[in-house]
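In order, the protein sequences belong to chains A and B.
Per this note's numbering, residue 273 is the first one in the first sequence, and the count goes up by one each step.
Per this note's numbering, residue 781 is the first one in the second sequence, and the count goes up by one each step.
Don't be surprised by glycine CBs; every beta carbon is placed ideally from N, CA and C.
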Amino acid sequence: GESVGLHLPTLSVQEGDNSIINCAYSNSASDYFIWYKQESGKGPQFIIDIRSNMDKRQGQRVTVLLNKTVKHLSLQIAATQPGDSAVYFCAENRSGGSNYKLTFGKGTLLTVNP
Amino acid sequence: DTAVSQTPKYLVTQMGNDKSIKCEQNLGHDTMYWYKQDSKKFLKIMFSYNNKELIINETVPNRFSPKSPDKAHLNLHINSLELGDSAVYFCASSPGVGGSYEQYFGPGTRLTVT
């Protein structure tokens, strides 16, 4: 399968279940966070973002939770569908210095079983 | 109505050759980026341009030279290709400078150096 050799964290769920993908960030000065979805053979696609003055934001079937105390970000996908199978990345904007770039996390491979 | 496009999608070449990858965005964005994604799916920024001006230049070998003829285009030229350059290269764009904007990614160019 695609995950062989990738050493990515993986999450396997049944269709219809809820999925939770976690991300830890290191810089307490980070003030903007994005979740991206990357399907096989495609570029990353924006899912949802959140700024540090919020702790929760909801989209269509997705919710992002931000816990600044422990520097943790999670993406919840409700009623997971086979089309949700992809690699999910969190990205943070590290304030200070040039403040120009997003830094991407390692990625989590989500596999949805029908 | 492709937003961010890259050519070619696949590029196979031999060590020592020089090659270019082209990127165009029709979103009217001011800022464009080049990212490199390795075999472990790790996504790392290489360069960023804002209004044709270089604003991010990560520690990338100087064999890599980006060129932005106008706001809508950011090309990547690579001299003396090495095996370690094999990766997927993504172009992206965003409405403004800074990491606090959603970035729109192209479909990627898979470069294989033999």
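Put simply, of 373(A), 333(A), 340(A), 386(A) the residue whose alpha carbon is nearest the alpha carbon of residue 347(A) is 333(A). Excluding sequence positions up to five before and after residue 344(A), its CB lies within less than 6 Å of the CB of 296, all in the same chain and listed in chain order. The beta carbons of residue 313(A) and residue 888(B) sit closer together than 9 Å. The beta carbon of residue 872(B) sits closer than 9 Å to some beta carbon of chain A.
In this model, residue 353(A) and residue 281(A) are separated by some 19 Å (Cα to Cα).
In terms of Cβ geometry, residue 784(B) and residue 817(B) do not form a close pair [threshold 9 Å]. Of all alpha-carbon atoms in 287(A), 375(A), 304(A), the one lying nearest the alpha-carbon of residue 325(A) is that of 304(A). Residue 359(A) reaches chain B at 821, counting residues in chain order whose Cβ is nearer than 7 Å. Assigned with DSSP and collapsed to three states, residue 846(B) falls in strand. Nearest Cα to residue 874(B) within the set 833(B), 813(B), 826(B), 849(B): 813(B).
Within the same chain, 890 come within 6 Å of residue 790(B) by CB-CB distance, once the 5 residues on both sides are set aside.
Membership of residue 869(B) in the beta strand (DSSP E) is indicated by the continuous run 867-874. Look at residue 792(B): its C-beta is not under 9 Å from any C-beta on chain A.
With distances taken between CA atoms, residue 306(A) lies nearest to 322(A) out of 294(A), 322(A), 300(A). The Cβ of residue 322(A) sits no closer than 9 Å to any Cβ of chain B.
Contact with chain B is absent for residue 332(A), since none of that chain's Cβ atoms lies less than 9 Å from the residue's Cβ.
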